[in-house]
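Everything below concerns the one structure shown next.
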Amino acid sequence: MAIFGTHGFVRKQEVGFAKKLLVWKYENSDMAMPDQAALSAQAEEVVEQAHGIAKKRGRNVIDILKETIKEIKTKNHL
Numbered sequence: 002m003a004i005f006g007t008h009g010f011v012r013k014q015e016v017g018f019a020k021k022l023l024v025w026k027y028e029n030s031d032m033a034m035p036d037q038a039a040l041s042a043q044a045e046e047v048v049e050q051a052h053g054i055a056k057k058r059g060r061n062v063i064d065i066l067k068e069t070i071k072e073i074k075t076k077n078h079l
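As numbered in the working numbering, the sequence shown has no gaps in its residue numbers, which increase by one up to the final residue, 79.
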């Protein structure tokens, strides 16, 4: 089993964490919760964006995940 990479253990943990943050944000903002497939796709997108930003800026992926989820919440309110 691979530890790193797009299908590795660490990536799955990051996606799981992003998914939990998204659920939390949806629940706290009284927004309609998307179905599981859409939620998983959003979590994957958030993690992908976080890795791209981290690569450019040399920052922590977890902090970037939190910022990206805030942006998604703001975008969905528009």
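Even for Gly, the Cβ is constructed at its ideal location relative to N, Cα and C.
Do you know how far the Cα of residue j is from the Cα of residue i?
i: V11; j: I4; result: 6 Å
i: Q14; j: G53; result: 17 Å
i: S30; j: I63; result: 21 Å
i: S41; j: G9; result: 16 Å
i: K21; j: A38; result: 14 Å
i: K57; j: K67; result: 17 Å
i: M32; j: G6; result: 32 Å
i: A51; j: T75; result: 17 Å
i: I70; j: A19; result: 8 Å
If I measure Cβ to Cβ from residue i and keep anything under 8 Å in the same chain, skipping five residues before and after, which residues do I get?
i: E28; result: M34
Is DSSP giving residue i helix, strand or coil here?
i: I73; result: helix
i: R60; result: coil
i: S41; result: helix
i: H8; result: coil
i: A51; result: helix
Give me, in chain order, the residues of the same chain whose beta-carbon lies closer than 6 Å to that of residue i; leave out the 5 immediate sequence neighbours on both sides.
i: G59; result: none
i: A55; result: V62, I65
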